[in-house]
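Using the UniProt record's numbering, the letters of the sequence shown correspond one by one to residues 1 to 203.
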Amino acid sequence: MAPKKYVKTTAASTSRAPGARGNTSLPHVINKYRLVFVDAEHESRYDSIVTRKISAPSYLDRQMLETMSSYDDLRRLLVNLGWANFVELQEPVYERLVWDFMSSLVVDLRRKFAEFPGYIHFRLFNVTHEMHLVRFNELLHLPAYGALIPEHEDFIARSFWHTITCFGKPYEARSSKATLICNPILRYFQRLTANHVFAREDS
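Pasting the structure below:
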């Protein structure tokens with residue numbers, strides 16, 4: 001008789017049996033925080049993200065930047081963008097809040113809330129929060145202007161993505177590497193936004 005295969009399971013890797021998917025009578029194996037789902041879509045989104053590993057965000061390394069004589073230039077860029085306070089925020093990450101927020105997050109740039117365009121909806125501790133994106137930006141210490149679209153008259157996106165690269169081809173956010181960006185400050189800023197807002201594991 002062949003030996004039994006041992007499969008190690010953890011709270012983050014356990015999910016419903018394939019034949020049980022869609023059966024609402026079965027409890028969520030990983031819903032250890034007893035999140036309350038407002039509808040089927042909320043429940044489905046929770047199921048799709050709860051097995052993913054949560055990674056802590058990376059932060060701006062001021063000491064390293066000062067050693068490279070790059071901090072002042074990066075700081076100037078961040079101040080001009082209104083990001084200086086946001087990138088220096090360092091708060092603990094709580095598993096329950098990540099799952100609660102990400103599974104319920106809805107953003108609609110066309111919908112209005114309190115007469116302001118740009119609507120955002122999310123839940124924390126089973127409580128629904130709704131607001132316009134200007135208010136959400138304020139909570140994150142981001143500038144209220146430009147919450148929906150860039151408000152710079154001379155900004156042309158297509159020209160910008162060509163200008164910042166070293167090889168005369170446009171930078172593609174989804175596929176291009178940061179090394180394609182010529183300016184070291186912009187290159188660092190790209191890595192900062194990629195790992196601070198949506199953290200990922202070291203590679």
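Note that CB positions come from ideal geometry on N, CA and C, so glycine has one too.
- Pairing residue 154 with residue 123 gives a Cβ-Cβ distance that is not under 8 Å.
- Beta-bridge annotation (DSSP): residue 119 is paired with 108, 132.
- Taking C-alpha positions only, residue 176 is separated from residue 37 by approximately 37 Å.
- For residue 44, the uninterrupted alpha helix (DSSP H) run begins and ends at 40–49, by DSSP.
- Taking all protein chains in view, the Cβ of residue 168 is surrounded by fewer than 16 other Cβ atoms within 10 Å, so the residue is classified as exposed.
- For residue 84, the closest alpha carbon among the candidates 93, 73, 92, 111 is that of 73.
- For residue 185, the secondary structure class from DSSP, reduced to helix, strand or coil, is helix.
- It is roughly 17 Å from the alpha-carbon of residue 64 to the alpha-carbon of residue 196.
- The Cβ atoms of residue 49 and residue 102 sit closer than 8 Å to each other.
- Shortest Cα-Cα distance from residue 192 to any of 87, 134, 40 involves 87.
- Look at residue 167 here: in three-state DSSP terms it is coil, with no helix or strand label.
- Shown here, residue 65 sits in a helix according to DSSP, grouped into three states.
- Counting along the chain, no alpha helix (DSSP H) covers residue 34, and no H or E run does either.
- Residue state for residue 160 is assigned as helix, using DSSP reduced to three classes.
- Residue 124 is bridged by DSSP to 127.
- The residues 132, 134, in chain order, have a CB closer than 7 Å to that of residue 116 in the same chain once the five nearest residues on each side in sequence are set aside.
- Where residue 93 is concerned, there is no enclosing alpha helix (DSSP H), because DSSP gives it neither an H nor an E.
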